[in-house]
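*Asks:* Quick one: the structure is below, and I'll ask about it shortly.
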Amino acid sequence: MATYNLLLLPGDGIGPEVMAEVKRIIEFLNKKGPNRFTYDEGLVGGSCYDAHQVSITDETMEKAKAADAVIFGAVGGPKWDKVPYEARPEAGLLRLRKDLALYANLRPAVTYPALADASALKRELVEGLDIMILRELTGGVYFGEPKTITDLGNGQKRAVDTQVYDTYEIERISRVAFELARKRRNKVTSMEKHNVMKTGVLWKEVVQQTHDREFKDVTLEHQLADSGGMQLVKNPKQFDVIVTDNLFGDLLSDIAAMLTGSLGMLASASLGEVDPKTQKRKALYEPVHGSAPDIAGKGVANPIAMIASFGMALRYSFDMGKEADMIDQAIAATLGKGLRTGDIASAGMKTVGTEEMGSAIIEELEKLA
Ligand code: NAI
Ligand code: MG
Numbered sequence: 070m071a072t073y074n075l076l077l078l079p080g081d082g083i084g085p086e087v088m089a090e091v092k093r094i095i096e097f098l099n100k101k102g103p104n105r106f107t108y109d110e111g112l113v114g115g116s117c118y119d120a121h122q123v124s125i126t127d128e129t130m131e132k133a134k135a136a137d138a139v140i141f142g143a144v145g146g147p148k149w150d151k152v153p154y155e156a157r158p159e160a161g162l163l164r165l166r167k168d169l170a171l172y173a174n175l176r177p178a179v180t181y182p183a184l185a186d187a188s189a190l191k192r193e194l195v196e197g198l199d200i201m202i203l204r205e206l207t208g209g210v211y212f213g214e215p216k217t218i219t220d221l222g223n224g225q226k227r228a229v230d231t232q233v234y235d236t237y238e239i240e241r242i243s244r245v246a247f248e249l250a251r252k253r254r255n256k257v258t259s260m261e262k263h264n265v266m267k268t269g270v271l272w273k274e275v276v277q278q279t280h281d282r283e284f285k286d287v288t289l290e291h292q293l294a295d296s297g298g299m300q301l302v303k304n305p306k307q308f309d310v311i312v313t314d315n316l317f318g319d320l321l322s323d324i325a326a327m328l329t330g331s332l333g334m335l336a337s338a339s340l341g342e343v344d345p346k347t348q349k350r351k352a353l354y355e356p357v358h359g360s361a362p363d364i365a366g367k368g369v370a371n372p373i374a375m376i377a378s379f380g381m382a383l384r385y386s387f388d389m390g391k392e393a394d395m396i397d398q399a400i401a402a403t404l405g406k407g408l409r410t411g412d413i414a415s416a417g418m419k420t421v422g423t424e425e426m427g428s429a430i431i432e433e434l435e436k437l438a
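Take 70 as the starting number for the sequence shown in this note's numbering and just add one per residue.
Okay, structure coming up:
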């Protein structure tokens, strides 16, 4: 038996509403055992700005660093459109990612059987789909220097973004990819554009070397990111783990998301380095969706993305694969019974609110326990 300490950061809008359902799952797990979860809560985003004029406090940052995992809701909303740029709600999330050095972003795309018709693609293409997009999150063109707009003085301006990757950055993300694949279907597809980008040349080379040195048992394929995008829509089930850089990963993970249906269903994890002293990996788990101001306060948000994100915490931070599987099964069973929140509503199904969906999932968990 172990005790794990979580930091819950519900944030703004529907964040606190969906986080409430995670708290009930934590309660369930504490009752069931063997492990025990304790948690602290903090403010982040606009609600933190209202209280402290910053989007996250140093004190909360320290708690995030000390926690075994951070569980994050969502931030932002029109109320904070006019706050200074450095204090805008998203800055809190960016600081967490940066200060915890969360370089590996895991975005699963899973089709629940009951929702296979909600996909943008035909049922047979997505039925049983279970792929993992692994996006490098702290390097590449979003952060590379120089990053400038210069006035050329002749009525023209020049904008420059720089894509930079060092060997160690590619090595560590590919290690995560191969380790994930070993626990899944043992296949990694690396995507870059070595035909037109130097970072692509190095990316391909380092992924291959890491494979040959440490992960020969895993099948490795390379695809150019553009045709990879096509393949993702044409025949998504050919993939297991896709590993790619920050920019391509941003695009490809959004494409993969739409193979499976609503934003309210999509979970994610962001992982950092393993601390050599404690052997613990820094980690933050959050739904892909934002604070959904249009439905906030109404109790109708879909809590599944948030609950599934917590399920990822069980799997990747706490080695509780069995409990993580139970959560996935409970979600599938609840959908199978015909319960739907508004975002995934369809004819003949029962539309429920956030709390009712949470209760139904816990009911299924009780059956599985
Ligand atoms: P959004 O994801 O909040 O909402 C997009 C649409 O999806 C809305 O119609 C919303 O009602 C719906 N939706 C999202 N999550 C849902 C759920 N769990 N259940 C049911 N419906 C759901 O994205 P949007 O509207 O672009 O941004 C709203 C605010 O959220 C902005 O301030 C934005 O900056 C912020 N945002 C924050 C993110 C984060 O905290 N990681 C990520 C994306 C946006
Ligand atoms: Mg995006």
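Every residue gets a Cβ at the ideal spot worked out from N, C-alpha and C, and that includes glycine. Treat the numbers as computed from the prediction; the structure is a model and nothing was measured.
#1: Report yes or no: do the segment 230-243 and the segment 267-283 share at least 3 C-beta pairs separated by less than 8 Å?
#2: So what does LEU75 bridge to, in DSSP terms?
#3: Say the cut is 8 Å; is the CB of PRO103 nearer than that to a heavy atom of the ligand NAI?
#4: Under DSSP, the alpha helix (DSSP H) around ALA62 begins and ends at which residues?
#5: So does GLY359 have its beta carbon nearer than 8 Å to some heavy atom of the ligand NAI?
#6: If I measure Cβ to Cβ from ALA160 and keep anything under 7 Å in the same chain, skipping five residues before and after, which residues do I get?
#7: Shortest alpha-carbon distance to SER116 belongs to which of THR231, GLN300 and ALA143?
#8: Would you tell me roughly how many angstroms separate the C-alpha atoms of LEU75 and SER331, rounded to the nearest one?
#9: Run the CB neighbour count on GLY333, radius 10 Å, all protein chains shown included, and call it buried at 16 or more, exposed below.
#10: Would you tell me roughly how many angstroms separate the C-alpha atoms of ASP286 and MET260, rounded to the nearest one?
#11: Counting only the same chain and skipping the five closest in sequence on each side, list residues whose C-beta sits under 6 Å from that of LEU169.
#12: Given GLY390, which residues of its chain have a CB within under 7 Å of its CB, disregarding the five upstream and five downstream residues?
#13: Ignoring anything shorter than 3 residues or poking outside the segment 256-311, list the beta strand (DSSP E) runs there in chain order.
#14: Under the assumption that LYS226 contacts VAL310 (Cβ atoms under 8 Å), give the Cβ distance between them as a whole number of angstroms.
#15: Does the contact criterion of 3 or more C-beta pairs under 8 Å hold for the segment 422-434 versus the segment 370-382?
#16: Roughly how many whole angstroms lie between the Cα atoms of PHE77 and ASP220?
#17: I'd like the span of the beta strand (DSSP E) that includes ALA228, first residue to last.
#18: Select from ILE202, VAL229, GLY224 and LEU203 the residue whose C-alpha is nearest the C-alpha of GLY213.
#19: Looking at ASP363 and the ligand NAI, is the gap between the Cβ and the nearest heavy atom below 8 Å?
#20: Can you tell me the Cα-Cα spacing of LYS346 and LYS216, whole angstroms?
#21: Any chance the CB of SER386 is under 8 Å from a heavy atom of the ligand NAI?
#22: With GLY318 as the anchor, note down where its alpha helix (DSSP H) starts and where it stops.
#23: So, is GLU96 buried or exposed, given that buried needs 16 or more other C-beta atoms within 10 angstroms?
#24: Roughly how far, in whole angstroms, is the beta-carbon of ALA173 from the beta-carbon of ILE200, given that I think they are within contact range, below 8 Å?
#25: According to DSSP, simplified to helix, strand and coil, what is SER243?
#26: Please state whether DSSP places TYR354 in a helix, a strand or coil.
#27: Within the same chain, show all residues whose beta-carbon is closer than 7 Å to that of PRO103, passing over the 5 residues directly before and after it, in chain order.
#28: Does the beta carbon of PRO372 fall short of 8 Å from some heavy atom of the ligand NAI?
#29: If you reduce the DSSP assignment to three classes, tell me which class THR423 lands in.
#30: Of the residues ARG244, VAL233 and GLN122, which one's Cα is nearest the Cα of ASP281?
#31: DSSP beta-bridge partners for GLY80?
#32: Is SER339 near the ligand NAI, judged by its Cβ being under 8 Å from some heavy atom?
#33: Pairs of beta-carbons, one from the segment 81-88 and one from the segment 131-145, closer than 8 Å: are there three or more?
*Replies:* Result, derived from the coordinates:
#1: Taking a cut-off of 8 Å for Cβ pairs, the segment 230-243 and the segment 267-283 touch, as three or more such pairs fall below it.
#2: Looking at the DSSP assignment, LEU75 forms a beta bridge with TYR108 and ALA138.
#3: Not so, every heavy atom of the ligand NAI lies at least 8 Å from the Cβ.
#4: No information on residue 62 is available, as it lies outside the stretch 70 to 438 that the chain covers here.
#5: GLY359: yes, Cβ under 8 Å from the ligand NAI.
#6: Excluding residues up to 5 positions away in sequence, SER124 lie with their Cβ nearer than 7 Å to the Cβ of ALA160 in the same chain.
#7: Taking SER116 as reference, the option from THR231, GLN300 and ALA143 with the minimal CA-CA separation is ALA143.
#8: Taking the straight line from one Cα to the other gives about 27 Å.
#9: Classification for GLY333: buried.
#10: The alpha-carbon separation between ASP286 and MET260 amounts to approximately 20 Å.
#11: Setting aside the 5 residues that flank it on each side, LEU169 is surrounded in the same chain by GLY341 and LYS351, each with a C-beta closer than 6 Å to its C-beta; the list follows chain order.
#12: Excluding residues within five positions, the ones whose Cβ falls inside 7 Å are ARG384.
#13: Taking only runs of at least 3 residues, the beta strand (DSSP E) segments lying wholly in the segment 256-311 are 256-261 and 288-293.
#14: Taking C-beta atoms under 8 Å as the contact rule, LYS226 and VAL310 fail to qualify, at a distance of about 40 Å.
#15: As far as the Cβ criterion goes, the segment 422-434 touches the segment 370-382, which means the pair count is three or higher.
#16: The sequence given here places Leu at residue 77; Phe does not occur at that position. Each residue's alpha carbon lies about 45 Å from the other.
#17: For ALA228, the enclosing beta strand (DSSP E) has its first and last residue at 226-229.
#18: GLY213 has its Cα closest to that of VAL229, out of ILE202, VAL229, GLY224 and LEU203.
#19: ASP363: yes, Cβ under 8 Å from the ligand NAI.
#20: Cα to Cα, LYS346 sits roughly 36 Å from LYS216.
#21: Flag unset: Cβ of SER386 not near the ligand NAI.
#22: Segment 315-329, the alpha helix (DSSP H) holding GLY318.
#23: Its Cβ having fewer than 16 others within 10 Å, GLU96 is exposed.
#24: About 16 Å separates the beta carbons of ALA173 and ILE200, which is beyond the 8 Å limit, so they are not a contact pair.
#25: Here SER243 sits in helix by DSSP.
#26: Annotated three-state conformation of TYR354 is strand, per DSSP.
#27: Contacts found: MET70.
#28: The beta carbon of PRO372 sits closer than 8 Å to at least one heavy atom of the ligand NAI.
#29: It is helical.
#30: With distances taken between CA atoms, ASP281 lies nearest to ARG244 out of ARG244, VAL233 and GLN122.
#31: Paired residue(s): ALA143.
#32: Set against 8 Å, the gap from the CB of SER339 to the closest heavy atom of the ligand NAI is not smaller.
#33: Yes: at least three Cβ pairs fall under 8 Å.
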